[in-house]
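To start, the structure under review is shown below, and the notes come after it.
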Amino acid sequence: MILARQLTKTFPGPDGVAIHALGPLDLDVAQGEFVCLVGPSGCGKSTLLRLIAGLEQPTSGVLQADGRQPILVFQGDSTFPWLTVYGNVEYPLKLRGWSEKEREAAVVHQLSLVGLSRFAEAYPYQLSGGMKQRVALARAWVSDPEVLLMDEPFGALDEQTRVALQTELLRLWEGPQQPGSPTARKTVLFVTHAIDEALALADRVLVMSSAPGRIIKEVRVPFARPRDAIQLKRDPRFGELAYELWQALK
Ligand code: ADP
Ligand code: MG
152 MILARQLTKT FPGPDGVAIH ALGPLDLDVA QGEFVCLVGP SGCGKSTLLR LIAGLEQPTS
212 GVLQADGRQP ILVFQGDSTF PWLTVYGNVE YPLKLRGWSE KEREAAVVHQ LSLVGLSRFA
272 EAYPYQLSGG MKQRVALARA WVSDPEVLLM DEPFGALDEQ TRVALQTELL RLWEGPQQPG
332 SPTARKTVLF VTHAIDEALA LADRVLVMSS APGRIIKEVR VPFARPRDAI QLKRDPRFGE
392 LAYELWQALK
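Using my numbering, the first residue of the sequence shown is number 152, and each one after it goes up by one.
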């Protein structure tokens, strides 16, 4: 679904010296796969997602993303403060020209899936951090993207809320697919700085080197699905894999 070969990105630096932000990087993500990307701060993770989303152009190399336009969930709070929860989730459907009736059915359904029905008329400032990320999740999910790019969506949350949101995401991704959906599971590329989060979510974890980022390690995550983000911490393989990833990051 996503293919990169010798992909690089260079930015013009503020002092005229170019910043080599990414690559050369090779990446393959199959359809329906959940891949987590971990790597040190500044190694080019956000740049990679922005390239795949088409918000930046590669400096060199090959990049292909199949299917419909990927949806990118930005780092930090990406809710629109001037729209209600309902308006936030409705927004991508308006862009796609859905009728009001179609939009209402989809938004109401999506809000109930993430437990936000009661808060439909609330504004983001009235919500906790975790609820805002639920809105972001609902907004990403409602238009039924084939490819979802998520940039540290839970990075700013406290530990307990983070695990609750991981559970929520697993439930959405592993759960019954939307009727009429052309794809089975969504293809997800999820950036995180938390190794336990990567192991809880992913089929495969990729480790990036420090800048300019390349993929330096791949770990296949063997835990069965549906997963419980808390239970799997007791699996002895969890500690082994976490250690292996830490070694690669070091
Ligand atoms: P990460 O998400 O892994 O922390 P980023 O992709 O945000 O890293 O950034 C990688 C490098 O590219 C950093 O050195 C950053 O300063 C630089 N960079 C990112 N975007 C731009 C930009 N639009 N202009 C100039 N430099 C940028
Ligand atoms: Mg980033």
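Glycine included, each C-beta is placed from N, C-alpha and C at the ideal position.
Between the ligand ADP and the CB of C194, the shortest heavy atom gap is smaller than 7 Å. Taken through DSSP and simplified to helix, strand or coil, R355 comes out as strand. According to the DSSP assignment, M282 belongs to no beta strand (DSSP E) but to the alpha helix (DSSP H) extending over 280-293. A distance criterion of 7 Å places the beta-carbon of E303 in contact range of the ligand MG, judged by its closest non-hydrogen atom. In the three-state DSSP reduction, E319 falls in the helix class (H, G or I). Each of V168, L154, G174, K160 was checked against the Cα of G364, and the nearest Cα belongs to G174. Runs of alpha helix (DSSP H) with 4 or more residues, each lying fully within the segment 158-236, are found at 196-203, listed in chain order. Per the Cβ contact rule, the segment 239-252 is in contact with the segment 286-294 (3 or more Cβ pairs under 8 Å). Three or more Cβ pairs closer than 8 Å define a contact, and the segment 206-217 meets that threshold against the segment 152-169. Rounded to whole angstroms, the separation of the alpha carbons of V298 and W324 is 12 Å. Short note on S197: C-beta closer than 7 Å to some heavy atom of the ligand MG. The distance from the Cβ of L176 to that of I366 is about 6 Å, consistent with a contact at the 8 Å cut-off.
Of the candidates G306, I170, P275, the residue whose Cα lies closest to the Cα of W233 is P275. Shown here, A155 sits in a strand according to DSSP, grouped into three states.
A distance criterion of 7 Å places the beta-carbon of Q284 beyond contact range of the ligand MG, judged by its closest non-hydrogen atom.
Remark: fewer than three beta-carbon pairs, one from each stretch, lie closer than 8 Å, so the segment 300-311 and the segment 265-274 are not flagged as touching. Relative to the ligand ADP, F341 has its C-beta separated by 7 Å or more from all heavy atoms. Excluding five sequence positions before and after I381, the CB atoms of its chain that fall closer than 7 Å to its own CB belong to V314, given in chain order.
In the same chain as V265, and ignoring 5 residues on each side of it, the C-beta atoms closer than 7 Å to its own belong to R285, L288, A289, E319, in chain order. Put simply, of S229, L200, Q398 the residue whose alpha carbon is nearest the alpha carbon of Q220 is L200. The Cβ atoms of V186 and L340 sit closer than 8 Å to each other.
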